[in-house]
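Chains as they are written, first to last, in the working numbering: chain A, 43 to 157; chain B, 28 to 139.
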């Protein structure tokens with residue numbers, strides 16, 4: 043596609059419920075990242091996928107968070123038993139990577155509100 | 028690990044004036060430095076980047092400078108316009124890490 047697509051754009055959920063956030067990266071981009079942005083704050087790294095390699099999960103804040111990337115393309119971020127502190131904008135980005143870093147293309151994000 | 032600091036956190040300028048945002052990084056192995064602009068309700072958008080083998084790069088009204096010795100890099104916006112109002116993030120990429128390290132952001136307001 044023309045850009046990184048994220049769905050849903052907004053999600054309101056009750057505390058304790060599970061949520062799934064979807065990211066469709068730019069075709070041909072081998073690297074995919076999830077970041078979290080709390081209100082008025084910077085970007086917190088969550089997880090990184092590169093091709094078929096094992097993901098870098100070092101940024102996931104707890105074992106309630108998990109992510110997968112199927113077929114090297116679409117990624118799903120799952121938050122189990124949501125808590126109010128999970129409320130934030132979840133941003134997905136993809137990048138071309140071949141021996142050196144390139145800038146990320148971000149999606150518009152999913153605004154998650156846990157009530 | 029890499030640590031990126033960004034200043035100022037807020038910046039207000041008059042339309043037509045210049046704006047400068049500065050970032051420092053801690054690890055001399057970092058070699059790629061992009062800048063992103065985030066408008067309200069949108070994801071950050073790459074506006075300019077520089078690699079460590081270059082000291083300065085310019086694209087119309089925006090420019091980035093890099094001082095590898097001092098480990099700092101800056102974004103310069105000239106002839107600012109109201110549509111430049113946004114949050115700007117700097118970042119540094121270190122080959123030892125999978126992710127870029129972002130600064131905390133600068134909220135730029137351009138007053139008409």
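Yeah, the Cβ is synthetic: ideal placement off N, Cα and C, and Gly gets one too.
> In terms of alpha-carbon separation, which member of 33/B, 94/B, 110/B lies closest to residue 136/B?
Replying inline: Taking the second chain and counting its residues from 1, the one referred to as residue 136/B is at position 109. Ranking 33/B, 94/B, 110/B by Cα distance to residue 136/B puts 110/B first.
> Can you give the beta carbon distance from residue 58/B to residue 79/B, rounded, assuming they're within the 8 Å contact cut?
Replying inline: Here residue 58/B refers to the residue found at position 31 of the second chain. Here residue 79/B refers to the residue found at position 52 of the second chain. The Cβ separation is near 4 Å, so the contact holds.
>> Rounded to the nearest angstrom, what separates residue 100/B and residue 56/A at their Cα positions?
In response: Translated into positions along the second chain, residue 100/B becomes position 73. Translated into positions along the first chain, residue 56/A becomes position 14. Their backbone Cα atoms lie some 43 Å apart in a straight line.
>> Short of 6 Å in beta carbon distance, which residues of its chain neighbour residue 49/A, apart from the five on each side in sequence? Order them along the chain.
In response: As a working note, residue 49/A is residue 7 in the first chain. Closer than 6 Å at Cβ, skipping near neighbours: 64.
> In the DSSP assignment, what residue or residues form a beta bridge with residue 49/A?
Replying inline: Position 7 of the first chain holds residue 49/A. Paired residues: 64/A.
> Just reading off the beta strand (DSSP E) that residue 94/B is part of, what are its end residues?
Replying inline: Along the second chain, one-based indexing puts residue 94/B at 67. Start and end: 89–94.
> Is residue 24/A buried or exposed, if buried means 16 or more other CB atoms sit within 10 Å of its CB?
Replying inline: The structure shown does not extend to residue 24/A, since chain A spans only 43 to 157, so no value can be given for it.
> What does residue 165/A reach in chain B if we use C-beta pairs closer than 8 Å?
Replying inline: Given that chain A is displayed from residue 43 to residue 157, the structure contains no residue 165/A and the question cannot be resolved.
>> Contact defined as beta carbons within less than 8 Å: I believe residue 68/A pairs with residue 124/A. What is the distance between those atoms, to the nearest angstrom?
In response: Taking the first chain and counting its residues from 1, the one referred to as residue 68/A is at position 26. Taking the first chain and counting its residues from 1, the one referred to as residue 124/A is at position 82. Not confirmed; about 29 Å, so no contact.
> Tell me which same chain residues have a C-beta within less than 7 Å of the C-beta of residue 92/A, skipping the five on either side of it?
Replying inline: Walking along the first chain from the start, residue 92/A turns up at place 50. Contacts found: 72, 73, 139.
> Going by the beta-carbon positions, is the gap between residue 131/B and residue 65/B smaller than 8 Å?
Replying inline: Taking the first residue of the second chain as 1, we reach residue 131/B at position 104. Taking the first residue of the second chain as 1, we reach residue 65/B at position 38. No; because the gap between Cβ atoms is not below 8 Å, this pair is not in contact.
> Do the CB positions of residue 54/B and residue 83/B come within less than 8 Å of each other?
Replying inline: Along the second chain, read from residue 1 onward, the residue named residue 54/B stands at position 27. Along the second chain, read from residue 1 onward, the residue named residue 83/B stands at position 56. The answer is no: Cβ separation not under 8 Å.
> In or out: residue 121/B buried (at least 16 other Cβ within 10 Å) or exposed?
Replying inline: On the second chain, position 94 is the one that residue 121/B refers to. Buried, because 16 or more other Cβ atoms sit within 10 Å of the Cβ of residue 121/B.
> If you measure from the beta carbon of residue 61/B to each beta carbon in chain A, is any gap under 8 Å?
Replying inline: Numbered from its first residue, the second chain carries residue 61/B at position 34. So yes, residue 61/B belongs to the interface.
> Using 8 Å as the limit for Cβ to Cβ distance, is residue 120/B near chain A?
Replying inline: Numbered from its first residue, the second chain carries residue 120/B at position 93. For residue 120/B, the answer is yes, since a Cβ of chain A falls inside 8 Å of its Cβ.
>> Output needed for residue 103/B: all residues of its chain with C-beta closer than 6 Å, excluding positions within five of it in sequence on either side, in chain order.
In response: Position 76 of the second chain, counting from 1, holds the residue named residue 103/B. Within the same chain, residue 103/B has close Cβ partners 47, 90.
>> Taking a contact to mean a Cβ-Cβ separation below 8 Å, would you say residue 70/B touches residue 133/A in this structure?
In response: The residue you call residue 70/B lines up with position 43 of the second chain. The residue you call residue 133/A lines up with position 91 of the first chain. Yes, the pair counts as a contact, with Cβ atoms nearer than the cut-off.
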